[in-house]
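Numbering (my numbering), first residue to last: 286 to 473.
Beta carbons: idealized from backbone N, C-alpha and C, even for Gly.
Below: one structure, written as structure tokens.
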């Protein structure tokens, strides 16, 4: 009776759709602000390889620099050789040789008109005491460049920019500290 019925079955690999998006579509929450570590139960373990990204610290004249002057505004630029969806970026106090001093953030990011098109927002964790010292993604669209303004009002000594960057929920690098992200004070 059923021998003449033909019913094609369409198999769709649904697992590939879930890997491409992020759980945290509107940015990483406050629970990772200090540690910059993603939840292993959702994301698995971070990659230990060299990440496919570049970081640049750029002055107002478009020159790549290795030091800052208090009161000047700089551009930080993250370039991906693989598209990424999620990130957290901070500048932390450094001991002068590139190692960070705990989780002490230094300097602040300055919001501008590029934030919305580039998918950037502050990682605001306190409405009564906004620190403006941590940025994250505002959507999970694929990105190949993230660019923001950064400054400090005083000499805070050497700093190290630190990143957690996710290509998707299962492929990510946490606490990446690029050598080009070690920035000295010009006013030391």
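Practice problem: Please classify residue 309: is it buried, with 16 or more other beta-carbons within 10 angstroms of its beta-carbon, or exposed? | Solution: buried
Quiz item: From residue 348 to residue 330, what does the alpha carbon distance come to, in whole angstroms?
Solution: 36 angstroms
Quiz item: Are there 16 or more other CB atoms within 10 angstroms of the CB of residue 376, so buried, or fewer, so exposed?
Solution: buried
Quiz item: Near residue 471, which residues of its chain fall below 7 angstroms by C-beta distance, leaving aside the five closest residues on each side in sequence?
Solution: 352, 353, 354
Quiz prompt | Beta-carbon proximity check, residue 436 vs residue 409, cutoff 9 angstroms | solution = One thing to note: residue 436 has its Cβ no nearer than 9 angstroms to the Cβ of residue 409.
Quiz prompt | Residues near residue 369 by beta carbon distance below 8 angstroms, same chain, minus five either side | solution = 338, 427, 428, 429, 450, 451, 452
Quiz item: Would the beta-carbon of residue 399 fall within 9 angstroms of that of residue 345?
Solution: No, Cβ-Cβ distance for residue 399 and residue 345 is not below 9 angstroms.
Quiz prompt | Rounded straight-line distance, which links the Cα of residue 463 to that of residue 456 | solution = 18 angstroms
Quiz item: So residue 359 and residue 343 are in contact, right, with Cβ under 8 angstroms, and what is the actual spacing, rounded?
Solution: 6 angstroms
Self-check item: The beta strand (DSSP E) enclosing residue 434, as first and last residue numbers
Solution: 428-436
Self-check item: Other residues of its chain near residue 390: CB distance less than 8 angstroms, five sequence neighbours each side excluded
Solution: 375, 376, 377, 378, 416, 418, 419
Self-check item: Neighbourhood of residue 469 by C-beta, 7 angstroms cutoff - its chain only, sequence neighbours within 5 removed
Solution: 351, 352, 443
Quiz item: In or out: residue 335 buried (at least 16 other Cβ within 10 Å) or exposed?
Solution: exposed
Practice problem: Just the C-alpha distance for residue 325 and residue 319, rounded to the nearest angstrom, thanks. | Solution: 16 angstroms
Quiz item: Three-state secondary structure (DSSP) at residue 386?
Solution: strand
Practice problem: Could you tell me which residues DSSP pairs with residue 398 in its beta bridges? | Solution: DSSP lists no partner for residue 398.
Quiz item: From what residue to what residue does the alpha helix (DSSP H) around residue 328 run?
Solution: Segment 325-328, the alpha helix (DSSP H) holding residue 328.
Quiz item: Residues bridged to residue 449 by DSSP?
Solution: Residue 449 has 373 as its beta-bridge partners, per DSSP.
Quiz item: Which first and last residues belong to the beta strand (DSSP E) in which residue 332 is found?
Solution: Per DSSP, residue 332 belongs to no beta strand (DSSP E) and is neither H nor E.
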